[in-house]
Amino acid sequence: MRVLREFFWQLAALVRRRRLDGESKAELQFHLDMEAAAAKRRGLPAGEARREARLRAGTVQEALERVRDERGAGPFDGTLTDLRQAAVALRRSPSFALLAGGALAASVAVNTLIFTVVYGVVLRPLPYPEPERLVRVFESTQRQPRFPVSILQYEETRRENRTLDGIALYTRGDLQLMHDNRAERMTAVAITEDFLPVLGATPALGRNFTASEMKRGTRVLMLSHETWKTRFGADRGIIGRTVRVNRQPWTVVGVMPAGFEHVGGDYRSPAQGDTVALWYPLGLDLPEQARRYWHFTNAVARVKRGTPAAAAEGDLTRIVDDLASRYPDSYRGARARVEPLAEAVLGRSGATVWLVAAAGALVMLIACVNLMGLSIARTVARRRELSVRQALGGGAWRLMRVVLSENLLLGLAGGVLGLALAAAAFPLLRTVIPAEFPRLHEVRLTWVAALFALSCAMATSVAASVIPALRQTRVDPKEGMGETRAVTGGGRGAVRLRSALIAAEIALSSVLCFGAVLLVRSSQLLEERDHGFSPGGVLTFQLELTAPAYNSPESAARFAAELARGLQSLPKVKAAGLTTNVPWSGWDENTTFDLPGRGMTGESPEARFQAADAGTLAALGMRLRHGRWMEERDQANTTPVVVVNESLARSYYGGADAVGKVMQVWGKDRTIVGVVADIRDRPADAAAKAAFWYPLAQVPFGSLKAVIRTEGDPLALAAPARAAVAEIDRELPVAEVRSLDDMAAAASERRFALWVCEAFAALAMGLSAVGVYGILAYLVEQRRREIGLRIALGATRGHVLRVTALTGLRLGALGIAAGLVLGPAAAGMARGLLFGVSPWDGPTLLAAPVILLLFTVAGTLGPAWAASRLDPTETLRES
0 MRVLREFFWQ LAALVRRRRL DGESKAELQF HLDMEAAAAK RRGLPAGEAR REARLRAGTV
60 QEALERVRDE RGAGPFDGTL TDLRQAAVAL RRSPSFALLA GGALAASVAV NTLIFTVVYG
120 VVLRPLPYPE PERLVRVFES TQRQPRFPVS ILQYEETRRE NRTLDGIALY TRGDLQLMHD
180 NRAERMTAVA ITEDFLPVLG ATPALGRNFT ASEMKRGTRV LMLSHETWKT RFGADRGIIG
240 RTVRVNRQPW TVVGVMPAGF EHVGGDYRSP AQGDTVALWY PLGLDLPEQA RRYWHFTNAV
300 ARVKRGTPAA AAEGDLTRIV DDLASRYPDS YRGARARVEP LAEAVLGRSG ATVWLVAAAG
360 ALVMLIACVN LMGLSIARTV ARRRELSVRQ ALGGGAWRLM RVVLSENLLL GLAGGVLGLA
420 LAAAAFPLLR TVIPAEFPRL HEVRLTWVAA LFALSCAMAT SVAASVIPAL RQTRVDPKEG
480 MGETRAVTGG GRGAVRLRSA LIAAEIALSS VLCFGAVLLV RSSQLLEERD HGFSPGGVLT
540 FQLELTAPAY NSPESAARFA AELARGLQSL PKVKAAGLTT NVPWSGWDEN TTFDLPGRGM
600 TGESPEARFQ AADAGTLAAL GMRLRHGRWM EERDQANTTP VVVVNESLAR SYYGGADAVG
660 KVMQVWGKDR TIVGVVADIR DRPADAAAKA AFWYPLAQVP FGSLKAVIRT EGDPLALAAP
720 ARAAVAEIDR ELPVAEVRSL DDMAAAASER RFALWVCEAF AALAMGLSAV GVYGILAYLV
780 EQRRREIGLR IALGATRGHV LRVTALTGLR LGALGIAAGL VLGPAAAGMA RGLLFGVSPW
840 DGPTLLAAPV ILLLFTVAGT LGPAWAASRL DPTETLRES
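No gaps in the numbering here: position 577 of the sequence shown is 576 in numbering that gives the first Met the number 0, and each next residue is one more.
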């Protein structure tokens with residue numbers, strides 16, 4: 000604290016220097032006058048009296064300097080003067096200022112944008128009290144490492160745990176709200192009564208749910224604060240009133256607090272954030288077998304203070320082990336898995352965030368090297384001036400301050416301009432980040448980002464000043480004052496250092512170049528891959544068939560069949576169908592099945608299950624490999640059938656032989672009538688999961704997705720599709736109207752990483768080209784007389800052009816050689832985003848150096864051409 004107080008005192012003394020100097024000068028003059036008056040009283044003449052006073056007390060200026068030293072502001076004394084002189088010097092060298100400041104501003108801008116992502120997604124604490132105590136709980140097996148917990152496991156954990164202050168369940172189940180005579184599908188989540196206490200929240204109005212309300216059929220709900228404001232006009236009298244939900248009366252018992260954010264989840268859950276409109280009780284009164292076998296809920300818990308996640312995991316695994324001893328068919332081989340909530344929210348996106356952050360740090364490092372190289376050239380150009388300062392008594396700190404002052408001004412200008420560029424580009428950043436990116440709502444420009452931008456710029460400018468300033472302090476003033484335009488030994492040292500910096504800059508750029516080329520290669524290979532369906536030209540939207548209008552399988556099946564016919568009749572529609580899932584949507588419902596007569600032991604096989612109608616195959620462009628797809632004849636009263644994918648057929652039935660075989664699903668034999676091509680859960684997955692489809696008419700689902708293949712723009716069919724639904728049921732809302740291409744793009748973090756790496760690589764290589772241009776332009780300027788003399792003695796302009804260009808190309812070759820090692824090694828960070836290529840991919844090893852070489856050539860052309868066009872007569876006249 001004492002050191003901090005002294006620093007602020009010194010800073011205050013520096014800011015108030017004029018006033019303090021005036022006060023000190025007046026006081027010192029008073030003492031000098033008193034000494035002179037005393038001498039006069041002793042009989043000395045006035046002149047002698049003043050002389051004796053000065054001999055005894057010293058001059059006012061000397062005393063003033065001692066007072067300044069006692070204030071402790073000596074190291075900073077004269078800083079404002081240096082800054083003013085630096086501003087004048089930069090105005091006299093606009094090309095240097097624009098080149099250095101512009102490069103720094105561009106680097107600061109991209110790093111500020113990346114910081115907004117890292118801060119919002121990773122560094123910003125989750126908006127809950129003591130968020131570090133919140134964890135997600137899973138059931139973990141060898142086959143399913145992060146499986147949703149069962150209701151029985153939740154009940155046992157809540158009763159028997161020793162390490163938790165609470166645990167809660169939640170699952171998504173959207174509701175249909177009628178307001179203003181209009182039906183609207185609202186994002187809704189069913190929760191247990193301990194959900195809000197675990198998250199440390201209480202309703203802003205009304206009350207929380209009670210334990211007695213955790214039953215199916217309980218019709219009470221809480222509104223989100225946003226829903227309360229926008230749908231009900233912030234009416235405080237809403238508590239206790241009934242609203243029409245799912246075509247039935249529900250009672251509003253509470254309103255969530257403003258800004259309350261859902262915790263998110265990777266199974267049947269909206270994303271983390273203010274993403275939920277309605278909350279209602281989760282029915283726990285299921286049959287005993289369902290409470291053990293059904294895994295459809297996410298679990299969030301709060302550990303006791305001081306309890307690490309590993310200790311809680313061991314405690315909860317003890318409870319699962321006890322369940323396994325009682326119910327081996329349900330929990331054999333299972334254990335608990337506990338993850339910090341922040342880690343679970345970030346999920347797979349963590350690798351992308353840190354890859355982008357590393358790319359931004361590389362760009363900033365390249366900018367620092369670039370500015371350092373320009374500063375070295377600037378320092379050498381001012382060597383005579385700096386040597387004069389040394390000869391007149393300027394110490395090491397004084398010389399360093401001269402160099403530092405210019406760079407600090409550049410840093411300030413670069414930081415402000417970079418922040419302005421970041422603000423202008425921020426809307427573009429929001430468009431390229433995938434819509435499903437975690438905590439996307441937290442990615443915004445704040446004062447923290449502004450502070451980061453200025454800090455980056457100032458730190459870079461200070462770091463870039465150190466080496467040039469230290470080099471100057473080691474120069475003999477006599478040598479510096481005696482330099483001419485010829486390159487002296489000191490000049491050659493500066494050239495060597497700056498050449499090494501440029502080679503390092505190119506080597507660092509190669510890391511980003513390699514990464515960008517690898518991601519481009521991955522993207523090309525991914526697009527060429529057979530995904531098992533055709534996403535282009537497909538419109539999809541969501542429907543929820545709510546009770547009581549569709550409380551029987553027959554009524555749901557009739558609606559689906561009628562809507563499919565209505566959609567098929569729309570203009571420009573090639574095919575239309577209804578299904579429970581579309582590819583790459585994140586839908587991953589699993590079930591076990593049996594293979595009759597195979598006598599299998601151990602765990603039952605497992606597969607994704609989906610329902611579909613006859614039109615889905617053509618609407619999605621799925622590839623039929625063997626047999627047939629579902630047809631209109633596959634009804635509730637006909638033989639139960641399924642269509643399986645190649646993975647299931649290959650794993651359990653020997654491929655094409657699967658057609659005609661039987662698989663037992665949910666206790667009923669179903670005949671396999673067809674095999675379709677594999678569709679992976681995500682485009683870059685190595686393999687597809689086993690999956691099967693059954694006719695929608697045989698086991699109707701309440702949640703459906705319509706898929707329509709069109710001849711033109713799919714979104715142009717949105718209004719006619721809504722009208723087709725309204726003709727059948729005017730109270731049934733249509734939601735999530737999107738094209739299948741847009742859905743795939745929105746979920747693609749690979750595209751985001753590719754865009755960022757491409758942009759950063761282009762900027763890095765541009766900075767490298769600027770660096771090469773700067774060193775060659777400096778060399779040409781320093782060797783003007785030499786080049787002019789060579790031309791005068793017969794050297795051709797082509798020869799001068801080649802020699803100068805080769806100097807830049809040698810720097811590029813050194814950097815590229817280093818990049819051949821650094822690039823692939825560092826590109827391993829992006830391994831999780833690569834598809835079909837390795838960091839040592841052959842075409843990339845050829846393409847990246849060629850791209851880097853082209854940028855190097857671009858940097859050499861200007862100075863080389865300028866050298867070849869020098870007028871020998873004019874240059875030889877120069878001193």
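All C-beta atoms in this analysis are idealised placements derived from N, C-alpha and C, irrespective of residue type, glycine included.
Computed from a predicted structure; not experimentally measured.
Quick check on DSSP: helix, strand or coil for residue i?
| i | result |
| --- | --- |
| residue 175 | strand |
| residue 107 | helix |
| residue 868 | coil |
| residue 482 | Residue placement at residue 482 cannot be trusted, given a pLDDT of 49 that sits under 50; what the coordinates show is reported in the next sentence. Coil, per DSSP. |
| residue 764 | helix |
| residue 140 | coil |
| residue 563 | helix |
| residue 248 | strand |
| residue 294 | coil |
| residue 406 | helix |
| residue 203 | coil |
| residue 227 | helix |
| residue 553 | helix |
| residue 541 | strand |
| residue 160 | coil |
Just to confirm before moving on: does the CB-CB distance between residue i and residue j stay below 8 Å?
| i | j | result |
| --- | --- | --- |
| residue 421 | residue 111 | yes |
| residue 706 | residue 624 | no |
| residue 686 | residue 618 | no |
| residue 279 | residue 222 | no |
| residue 653 | residue 615 | no |
| residue 318 | residue 191 | no |
| residue 582 | residue 592 | no |
| residue 130 | residue 333 | no |
| residue 595 | residue 668 | yes |
| residue 236 | residue 206 | no |
| residue 578 | residue 175 | no |
| residue 365 | residue 752 | no |
| residue 193 | residue 225 | no |
| residue 107 | residue 417 | yes |
For residue i, count the other beta carbons within 10 Å of its own beta carbon; 16 or more makes it buried, fewer makes it exposed. Which is it?
| i | result |
| --- | --- |
| residue 820 | exposed |
| residue 704 | buried |
| residue 446 | exposed |
| residue 427 | exposed |
| residue 760 | buried |
| residue 255 | buried |
| residue 767 | buried |
| residue 695 | buried |
| residue 792 | exposed |
| residue 289 | exposed |
| residue 423 | exposed |
| residue 779 | buried |
| residue 727 | exposed |
So residue i packs on residue j, CB below 8 Å; how close in whole Å?
| i | j | result |
| --- | --- | --- |
| residue 842 | residue 823 | Between residue 823 and residue 842 the Cβ distance is about 12 Å, and since that is not below 8 Å, they are no contact. |
| residue 135 | residue 338 | 5 Å |
| residue 505 | residue 815 | 6 Å |
| residue 150 | residue 283 | 6 Å |
| residue 352 | residue 120 | 6 Å |
| residue 607 | residue 587 | 6 Å |
| residue 609 | residue 580 | 5 Å |
Taking only heavy atoms of the ligand FMN into account, decide whether any of them is closer than 7 Å to the Cβ of residue i.
| i | result |
| --- | --- |
| residue 267 | Summarising the ligand content, the structure contains no ligands, and the ligand FMN is consequently not present. |
message: Does the structure place the segment 689 to 701 close enough to the segment 554 to 562 that three or more beta carbon pairs sit under 8 Å?
response: Segments in contact, yes.
- prompt: Taking one C-beta from the segment 801 to 809 and one from the segment 858 to 866 each time, how about it: are there three or more such pairs within less than 8 Å?
  reply: Touching, yes, given that three or more Cβ pairs across the two stretches are closer than 8 Å.
message: Counting beta carbon pairs with one atom in the segment 265 to 280 and one in the segment 294 to 302, are three or more of them shorter than 8 Å?
response: Touching, yes, given that three or more Cβ pairs across the two stretches are closer than 8 Å.
- prompt: Do the segment 560 to 568 and the segment 504 to 518 make contact, defined as three or more Cβ pairs closer than 8 Å?
  reply: A contact between stretches requires three or more CB pairs, one per stretch, nearer than 8 Å, and the segment 560 to 568 fails this requirement with the segment 504 to 518.
query: Are there three or more Cβ pairs, one per stretch, closer than 8 Å when the segment 299 to 312 is compared with the segment 227 to 247?
result: Fewer than three Cβ pairs drawn from the segment 299 to 312 and the segment 227 to 247 lie within less than 8 Å of each other, which leaves the two stretches out of contact.
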